[in-house]
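Engineer: Chains as they are written, first to last, in our numbering: chain X, 671 to 1122; chain D, 671 to 1122.
Protein chains: 2
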Amino acid sequence: MQFELTKEYLSDLKEALSTQLDSAIISDINNLHPADIAEILDNLSNEEASLLFGFLDKEISSEVIIELEEDVREILLEKLGAKEIAEDVIENMDSDDAADLVAELDDEKKEDVISFIKDAEQASDIVDLLNYPEDSAGGLMAKELIKVQIDWTIPKCIREMRKQAEDIENVYTIYVVDEREKLIGTLSLKRLLLAPAKALVKDLYKEEVRSVKANQDGEEVAGIMEKYDLVVLPVVDELNRLIGRITIDDVVDVIKEEADKDYQMASGISEKIDSDDSIGLITRARLPWLLVGLLGGIFGALVINQYEDQLQIYPEMALFIPLIAAMGGNVGVQSSAIIVQGLANNSLGFDSLFTRLGKEFLVAMINGLVCSALILVYAILYKDNTDLAATVSIALVIVIVFAALFGTLVPLILDKYKIDPALATGPFITTMNDIVGLFIYFGIGHVMYNVL
Amino acid sequence: MQFELTKEYLSDLKEALSTQLDSAIISDINNLHPADIAEILDNLSNEEASLLFGFLDKEISSEVIIELEEDVREILLEKLGAKEIAEDVIENMDSDDAADLVAELDDEKKEDVISFIKDAEQASDIVDLLNYPEDSAGGLMAKELIKVQIDWTIPKCIREMRKQAEDIENVYTIYVVDEREKLIGTLSLKRLLLAPAKALVKDLYKEEVRSVKANQDGEEVAGIMEKYDLVVLPVVDELNRLIGRITIDDVVDVIKEEADKDYQMASGISEKIDSDDSIGLITRARLPWLLVGLLGGIFGALVINQYEDQLQIYPEMALFIPLIAAMGGNVGVQSSAIIVQGLANNSLGFDSLFTRLGKEFLVAMINGLVCSALILVYAILYKDNTDLAATVSIALVIVIVFAALFGTLVPLILDKYKIDPALATGPFITTMNDIVGLFIYFGIGHVMYNVL
């Protein structure tokens, strides 16, 4: 029974909602997976979404709400009072999801909601988690976990687990702690299950355990889980006491978001947007880089203006302005993308800056000479003007080499000063290379026509 | 004991390897995590890597080899005979990793290696898995899993699991099948552990189970696991019989690779490369798009050539060529990026093409008018030439709107014809918009100066 959202389903549902009759399609909604229900809600209008949300069972609605897109969730939560949010939505949630949801509320409602949570331990867990930045290990972790003490027997373990496991849907690992709550190892369910009845935890547990501190960066956490193929990672405080655990599904979201963000930056989009965001939001995300491009274009005009006399005498120089600008931009984007991606994946290795630039120089020289030879042949054949042909091809090699070195250097420098190197991709590097490329082109043209 | 690879460690290790003395740093290598050892090998020269690989314990070396970058793995496997690969490396591997490794060998060595595998079941599993395309569910799955029959008792379950679980490091879920091997549900280890001794599988298992068919696409599998927050996903054949399972760590790799590939395409890089790949490979990955840019530049020159007379009379039109070209390119990349990302994340929703283009038109109009107003003010103030100012600002709005619509349409069309829409990003869309932008600019200039 695997659901797939179709256009037909959506229009049937919309019709059922508009007639307000209690039709089969609406009453069946509670049989779908929460992630499917969330997908449906994301594709409805605000009114339809609120209406449908009212038909959901309590336990399901809390699972649905954490899967929603943030803007849809905001709309739905607005319609609920603080008491309803605390008692109907949050009560069934894991601490990490609950804290994420509470963090999205405005300050006043936040306090109200927390004060309405009945389970004191859950409330305290949430308040605890709210202290960590969203993108830190603490912000990603949940408090729910199973821990046993090193000197317990297996039957005692199982008894304790029965108590602890009640609220926990998936148990991946059992953590082993000492009497001071310090994390000292793990015990797999498999070993526990296959153990002789008289065994002790200390006979079965695995001493080696990888953990992160609560203040470590989310991207770092993602890198560790990816590198070591971990499904769950324990989080400890400064004294190495176990305080939570991060599961891979939350980290997959971090990985996706990082990749999406870098992609959007490289494409000249400055805020995270989806195609179904509002026109205002999309415009706001796109305008800044267009203004950078505009400014670049004005600088370009100034550069050309410098050489206006030259252009009046040799107007054919204008023909290759777009080519020079485009090639500088393209090469710069290529070079910076390799560096930005290497930094993001932590795969740049230990080459020195000198080695890296040297390699980039060689690649650029090869590509530059190939392109330059082609354009030389073209310009000689079709323009019958060797001065112009020489100017374009010499300028092209220099522009390509410059753009490659510049595209390599800028993200490395930004990274060194803890600025997101993705800023150096896309429109920024293209614009810079446009301007410098024009300087190089007209400078060489000047030498060619006037000096030689 | 969390290892971090540093420059110092690497140079100490390189020195130890060059002196060939059995130093502490080399003998300690077996205490590191296989993923760390792989990272070290990736950063050594081929000779150093081969040398160090020889110091690894057998069980560790097989775990290390699957974590290596492909080019390093290739070098190391070349030095090993088919018998060594079969007996030392593959014997300790899970079926999915073993099949991936065998798939990388050339055909002759592939057969030799398979013939040397002692465990007949493992050999048959590998041969089986080799039939599936690398990026399908079958290509991602492993054969190792725990399955129990619906009518078994719990003690029988545990006895059977003891046998089956021997080779399986992490057990996430126990699959429940009927007498014909058809997948009918799952049983969590937690429930099994907490169950009363006399329970039967049929009392405890969960009937609902999400599965994929072996021929489903890897990206689709990734989407399902991401959407439903799954750690492991069973794979069935056409008759719904359980044939394998896919774990999230392999899917994380698929997600990363997809994102990296789209990013590189958008940056004008046509093959997957790392910054430490060879100069030849990097050049080959970058040259194709540069040639597209070059061709675009030549077309641009042809367009301008059409208007050479006009340019001779109004040379100041040349000033804004880079601006028009750059803005068209930037807007086109923004628009196409939103569509490509929406397609990749399956988040485009159900808006009609008409709605989508209408929205894009509005966003482009706003951005276009803002940019155009700014450039109008600038051109009037500094160039004191209202004809030029009007030409540039009118052309700019039209170019921005055209580029936005074009950037939206092209990836949607490519996707419709099952061509990777990421092709439409980066240099391709930039180049196209450069050329069309020049047409629009000079066309409007022609009307302005000659007709009005």
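Positions of the beta carbon are idealized from the N, C-alpha and C atoms, including for glycine.
Going along chain X in order, which residues have a C-beta closer than 8 Å to the C-beta of S1017 of chain D?
Structural biologist: The answer, in chain order, is D944, S945 and D946.
Engineer: From the DSSP output, which residues share a beta bridge with T917 of chain X?
Structural biologist: DSSP, once it has assigned bridges, lists X:V902 as partnering T917 of chain X.
Engineer: Of all the beta strand (DSSP E) runs that stay within the bounds of the segment 830-903 of chain X, which reach a length of 3 or more residues?
Structural biologist: Complete beta strand (DSSP E) runs here, min 3: 844-847 and 853-857.
Engineer: Write down the C-beta distance between V623 of chain X and K860 of chain D rounded to the nearest angstrom, noting that I regard them as a contact closer than 8 Å.
Structural biologist: Since the displayed chain X opens at 671 and closes at 1122, residue 623 of chain X lies outside it and no answer follows.
Engineer: Would you list the one or two residues that DSSP bridges to R911 of chain D?
Structural biologist: Paired residue(s): D:K852.
Engineer: Reducing DSSP to helix, strand and coil, say where T1095 of chain D ends up.
Structural biologist: Three-state DSSP puts T1095 of chain D in coil, outside helix and strand.
Engineer: Run through chain D and tell me which residues come within less than 8 Å of D776 of chain X, C-beta to C-beta.
Structural biologist: Ordered by position in chain D, no residue passes the 8 Å Cβ test against D776 of chain X, which lies about 27 Å from the chain.
Engineer: Is V879 of chain X near I952 of chain D, with beta carbons less than 8 Å apart?
Structural biologist: No, they are not a contact pair.
Engineer: Can you give me the C-alpha to C-alpha distance between N1120 of chain D and A1065 of chain D, rounded to a whole angstrom?
Structural biologist: Cα-Cα distance, rounded: 16 Å.
Engineer: By the 10 Å Cβ neighbour count, where 16 or more other Cβ atoms means buried, how is D766 of chain X classified, buried or exposed?
Structural biologist: Result: buried.
Engineer: Counting only C-beta atoms, is A768 of chain X closer than 8 Å to chain D at any point?
Structural biologist: Cβ-Cβ to chain D under 8 Å: no for A768 of chain X.
Engineer: For P1097 of chain D, collect the residues of the same chain with a Cβ closer than 7 Å to its Cβ; drop the 5 residues on either side in sequence, then sort them by chain order.
Structural biologist: Within the same chain, P1097 of chain D has close Cβ partners G938, W959, V962 and G963.
Engineer: Using a cut-off of 9 Å between C-beta atoms, extract the partners of E1009 of chain D located in chain X.
Structural biologist: Position check: residue 1009 of chain D holds Ile in this sequence, whereas Glu was assumed. Result: S945.
Engineer: Any beta carbon from chain X within less than 8 Å of S937 of chain D's own beta carbon?
Structural biologist: Yes, contact with chain X.
Engineer: Closest Cβ-Cβ distance between N762 of chain D and chain X: below 8 Å?
Structural biologist: No - not a single Cβ of chain X is within 8 Å of the one on N762 of chain D.
Engineer: Can a CB atom of chain X be found closer than 8 Å to the CB of R832 of chain D?
Structural biologist: At least one chain X Cβ lies under 8 Å of R832 of chain D.
Engineer: Which residues of chain D have a Cβ atom closer than 8 Å to the Cβ of E1100 of chain X, listed in chain order?
Structural biologist: In the sequence under discussion, the amino acid at residue 1100 of chain X is Thr, which differs from the Glu named in the question. In chain order: A996, G999 and N1000.
Engineer: Answer yes or no: do I745 of chain D and A768 of chain D have a C-beta to C-beta separation smaller than 8 Å?
Structural biologist: In this structure, A768 of chain D does not lie closer than 8 Å to I745 of chain D by Cβ.
Engineer: So, with DSSP's three-state summary, where would you put T823 of chain X?
Structural biologist: T823 of chain X falls in the strand class under three-state DSSP.
Engineer: In three-state DSSP terms, what is I816 of chain X?
Structural biologist: Correct three-state label for I816 of chain X: strand.
Engineer: Using a C-beta cutoff of 8 Å, does K826 of chain D count as contacting chain X?
Structural biologist: No - not a single Cβ of chain X is within 8 Å of the one on K826 of chain D.
Engineer: Using a Cβ-Cβ cutoff of less than 6 Å, which residues in the same chain neighbour G1077 of chain D once the five nearest sequence positions on both sides are dropped?
Structural biologist: Excluding sequence neighbours, G1077 of chain D sits near G1002, S1005, S1006 and I1099.
Engineer: Does the beta carbon of W959 of chain D come closer than 8 Å to any beta carbon on chain X?
Structural biologist: With 8 Å as the cut-off, W959 of chain D counts as an interface residue toward chain X.
Engineer: Who are the near neighbours of S693 of chain D in its chain, counting only those whose CB is closer than 6 Å to its CB and skipping five residues on each side?
Structural biologist: If we look at S693 of chain D and ignore the five residues flanking it on each side, its Cβ neighbours are A686.
Engineer: For the segment 926-933 of chain D and the segment 918-930 of chain X, state whether three or more C-beta atom pairs, one from each stretch, are separated by less than 8 Å.
Structural biologist: Contact holds: three or more Cβ-Cβ distances are below 8 Å.
Engineer: With a threshold of 8 Å on Cβ separation, who are the neighbours of L870 of chain D within its own chain once the five nearest residues in sequence on each side are excluded?
Structural biologist: Excluding residues within five positions, the ones whose Cβ falls inside 8 Å are D821, W822, T823 and I824.
Engineer: For E733 of chain X, count neighbouring C-beta atoms within 10 Å of its own C-beta (all shown protein chains included) and say buried if the count is 16 or more, exposed if not.
Structural biologist: It is buried - the Cβ of E733 of chain X has at least 16 other Cβ atoms within 10 Å.
Engineer: Do we get a CB-CB distance below 8 Å when we pair G970 of chain D with the residues of chain X?
Structural biologist: Closer than 8 Å to some Cβ of chain X, the Cβ of G970 of chain D qualifies, so yes.
Engineer: With a CB to CB cut of under 6 Å and the five nearest residues on each side skipped, what residues in its chain are close to K780 of chain X?
Structural biologist: So the qualifying residues of the chain are V772.
Engineer: Return the CA-CA distance between L965 of chain D and V1047 of chain X, expressed in angstroms with no decimal places.
Structural biologist: Cα to Cα, L965 of chain D sits roughly 13 Å from V1047 of chain X.
Engineer: Measuring only between beta-carbons, confirm whether N713 of chain X sits less than 8 Å from chain D.
Structural biologist: Yes, N713 of chain X counts as interfacial toward chain D.
Engineer: Given that a residue counts as buried once 16 or more other Cβ atoms are within 10 Å of its Cβ, and exposed if not, what is K1086 of chain X?
Structural biologist: It is exposed - the Cβ of K1086 of chain X has fewer than 16 other Cβ atoms within 10 Å.
Engineer: What are the start and end residues of the alpha helix (DSSP H) that includes E978 of chain D?
Structural biologist: E978 to I983 is the extent of the alpha helix (DSSP H) around E978 of chain D.
Engineer: Identify which residue in D:R915, D:E890, D:I925 and D:K876 has its Cα closest to the Cα of D795 of chain D.
Structural biologist: When only C-alpha atoms are compared, the closest one is D:R915.
Engineer: Comparing C-alpha positions only, which one of D:E774, D:F1031, D:K753 and D:C1041 sits nearest to L738 of chain D?
Structural biologist: Of D:E774, D:F1031, D:K753 and D:C1041, the residue nearest in Cα terms is D:E774.
Engineer: Mind pulling the chain X residues with CB within less than 7 Å of E908 of chain D?
Structural biologist: What E908 of chain D touches in chain X: nothing, since even the nearest Cβ is about 15 Å away.
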